[in-house]
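J.:
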Amino acid sequence: MAKIGIIGGTFDPIHSGHLLIAELARDSLNLERVLFVPAGDPPHKQAAKKTAAHHRCRIVELAIEDNPAFELSRVDLDRPGPHYSIDTVALIRSQFDLAADDCHFIIGSDSLSDLLSWHQPAELIQSCRLTVAHRPDYQPDVSALAETLPGLEARLDWVEILLVEYSSSMIRRRIKAGQSVRYQTPANVIDYLYQHQLYR
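Per my numbering, the sequence shown runs over residues 224 to 423.
1) Roughly how many angstroms lie between the CA atoms of I398 and R423, to the nearest whole one?
2) Could you check if T311 is buried or exposed, using at least 16 other CB atoms within 10 Å of its CB as the buried criterion?
3) Beta-carbon within less than 7 Å of C351's beta-carbon, same chain only, minus the 5 sequence neighbours each way: which residues are those?
4) Rounding to the nearest angstrom, what Cα-Cα distance links A275 and L421 in this structure?
5) List the residues that DSSP assigns as beta-bridge partners of L379.
6) Could you tell me the distance, in whole angstroms, from the CA atom of I348 to the CA atom of R378?
7) Using only the alpha-carbon positions, how far apart do D337 and I413 sit?
8) With a CB to CB cut of under 7 Å and the five nearest residues on each side skipped, what residues in its chain are close to E376?
9) How would you write the range of the alpha helix (DSSP H) that L426 sits in, first residue to last?
10) Figure out for me which residue from R302, E246, Y307 and F319 has the closest Cα to the Cα of I287.
11) With distances taken between CB atoms, is the gap from I230 to A248 smaller than 9 Å?
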């Protein structure tokens with residue numbers, strides 16, 4: 224049975240950290256493919272102004288075009304919001320006929336710490352495996368989370384990542400200030416951002 228990873232985000236813009244986490248997860252868990260799912264209307268980011276979806280999708284396509292295991296999914300863009308992770312996982316599992324253990328939802332350790340604030344977290348951890356991108360300098364309190372979410376620890380896979388800071392907001396700030404973003408996101412993405420005068 225094929226195993227598939229899901230990495231969601233606003234991707235405004237996608238950065239090298241997203242790509243690195245996806246590749247490390249793909250390699251360490253032997254995933255057949257990793258789906259990049261640009262956010263439609265993430266309930267926790269409703270106040271933030273986002274770049275138009277067609278630009279964010281094109282940026283993702285450019286960033287992943289040289290990796291045959293990476294694929295864009297519009298599952299959250301082609302349906303009305305709000306968009307909850309549990310619904311995204313259910314739709315992708317149905318689309319690819321995946322068992323829960325073959326569906327890997329990739330998140331950062333900071334997101335794991337916030338898991339109790341997510342929509343239906345107990346149901347989410349039963350519907351997929353959570354693949355946590357773990358930084359050596361940050362350790363979420365999994366045992367405390369497991370008191371409220373029994374069985375959580377058995378649903379986690381850990382992928383250790385390098386201590387390199389990337390953020391979409393930093394890229395936006397640097398472009399606006401006329402500073403270099405080289406190596407923070409792929410070169411073809413940078414070309415697209417400048418061509419369409421995004422974040423200026």
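Glycine included, each C-beta is placed from N, C-alpha and C at the ideal position.
T.: Well, looking at it:
1) Your numbering for residue 398 matches position 175 in the sequence shown. Your numbering for residue 423 matches position 200 in the sequence shown. The C-alpha of R423 is placed about 6 Å away from the C-alpha of I398.
2) As a position in the sequence shown, residue 311 is number 88, starting the count at 1. Counting every other CB atom within 10 Å of its CB across the protein chains shown gives T311 a total of 16 or more, marking it as buried.
3) The residue given as residue 351 occupies position 128 in the sequence shown. Excluding residues within five positions, the ones whose Cβ falls inside 7 Å are V312, A323, C326, H327 and F328.
4) Indexing the sequence shown from 1 puts residue 275 at position 52. Indexing the sequence shown from 1 puts residue 421 at position 198. One C-alpha to the other measures close to 10 Å.
5) Residue numbering aside, residue 379 sits at position 156 when the sequence shown is read from its first letter. In DSSP, L379 forms a bridge with L353.
6) Sequence index remark: in the sequence shown, residue 348 carries index 125 (1-based). Sequence index remark: in the sequence shown, residue 378 carries index 155 (1-based). Cα to Cα, I348 sits roughly 6 Å from R378.
7) The residue labelled residue 337 in the question sits at position 114 within the sequence shown. The residue labelled residue 413 in the question sits at position 190 within the sequence shown. Just so you know, the alpha carbons of D337 and I413 end up roughly 31 Å apart.
8) Counting from 1 along the sequence shown, the entry for residue 376 is found at position 153. These residues qualify, in order along the chain: V365 and A369.
9) Since the first residue shown for the chain is 224 and the last is 423, residue 426 is missing from the structure and cannot be characterised.
10) Reading the sequence shown from its first residue, position 64 is the one you call residue 287. Taking I287 as reference, the option from R302, E246, Y307 and F319 with the minimal CA-CA separation is E246.
11) Here residue 230 refers to the residue found at position 7 of the sequence shown. Here residue 248 refers to the residue found at position 25 of the sequence shown. Taking 9 Å as the cut-off, the Cβ atoms of I230 and A248 count as close.
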